[in-house]
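Residue numbers for the sequence shown follow this note's numbering, beginning at 1482 and rising by one.
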Amino acid sequence: MKNDLNHQLGPIGIFDSGYGGLTVLSEIRALLPQYDYLYLGDNARAPYGNRSFEVVYQFTWQAVRWFFERGCQLVILACNTASAKALRSIQQINLPEAYPDRRVLGIIRPTAEIAAEMTKTGHLGVLGTEGTIQSESYDIELKKLHPQLIITGEACPMWVPLIENREYDKPGADYFVKQHIFNLLNKDPEIDTIILGCTHYPLLLDKIKQFLPKSAEIIAQGKYVAESLKNYLSRHPEIAMKCTLGGTVKYFTTESPEKFSQQASLFLQETVYAEKAIID
Ligand code: DGL
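Structure follows, in structure tokens:
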């Protein structure tokens, strides 16, 4: 059944399982300040990283419908796990069936494009959640661009909980950061470019840098996702004209709005007032 809300205008939706997508939102707002944004963190069900394909897909599609019900015509999955596990089904099955005029974009392809350009040795490392690494989405996208690239993944299951629990800048986090960087470089010492394949990880950037050689390129994807969105909107004026231009941002969470406001204000270094979202 075609949805009758397709004629609406609305803000751009930015989705993540929790706080990580804020690292993408802040880069998008810096580059495209003229648009309105709705941010949704599914904090009540985060982390997504070790959940099954079916569950991540179900949660992500519920979130996308939540954005659509609020008029969003374009939603960015600012979450690698959701991009890896849900994007394809949403784009190929759900949208054509129910919302043919709306768009949902992921963040793996634009990140892979920049990483393929940056590497000199042709050896890349990907740090991500278990779900993202197991999906091999980065390997697939990078090899579509250059089949000869050598890609090594390392799942870092403790990193998202460290960030969601505001432990990312504490000394205890060093152990978990060092362990995974060491594992990655041990698997392939020729790696010269490392993709932070989880939108939470830029919050650990200072610690990650401490354990990597100075020559290593570290890709925090927010900036590249923002550039790719700008490019997308200029190539698709029919979508851009459905995105409202008020320069506002509203934050929603499925957990406690007070807790989200407090944490997000720290991450973004500005005052955030979140509202409660109920998604089902
Ligand atoms: N920010 C999400 C990502 O980019 C974190 C996933 C999680 O909730 O574990 O993958």
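Here a beta-carbon is modelled for each residue, glycine too, at the ideal position from N, C-alpha and C. All of these numbers come straight from a predicted model, not from anything done at the bench.
Distances between the C-beta of PRO1528 and the heavy atoms of the ligand DGL include at least one below 7 angstroms. Ranking LYS1740, PHE1748, LEU1749 by CA distance to the CA of GLU1756 puts LYS1740 first.
A distance below 6 angstroms between beta-carbons, with the five flanking residues on each side excluded, links ALA1701 to the following residues of its chain, in chain order: LEU1677, PRO1683. With contacts defined as CB atoms closer than 8 angstroms, ALA1559 and ILE1631 fail to qualify as a contacting pair. By the Cβ-count criterion, GLU1671 is exposed, with fewer than 16 other Cβ atoms from all chains shown falling within 10 Å of its own Cβ. When secondary structure is reduced to three states using DSSP, LYS1695 falls in the coil class, being assigned neither helix nor strand. In this structure, the beta-carbon distance from VAL1706 to TYR1732 does not fall below 8 angstroms. Judged by the Cβ position, SER1746 fails to qualify as a neighbour of the ligand DGL at the 7 angstroms threshold, every heavy atom of the ligand being at least this far. As a beta-bridge residue in DSSP terms, ASP1497 pairs with GLY1522. Secondary structure within the stretch 1626-1689: the alpha helix (DSSP H) runs of 4 or more consecutive residues, fully enclosed, are 1640-1645, 1654-1668 (chain order). Taking the Cα positions, LEU1513 is about 10 angstroms away from LEU1714. Under DSSP, CYS1724 forms a beta bridge with GLY1491.
Rounded to whole angstroms, the gap between the alpha carbons of ASP1687 and LEU1749 is 16 angstroms. Look at THR1680: its beta carbon is less than 7 angstroms from one of the heavy atoms in the ligand DGL. LEU1513 sits in coil when the DSSP states are folded into three classes, being neither helix nor strand.
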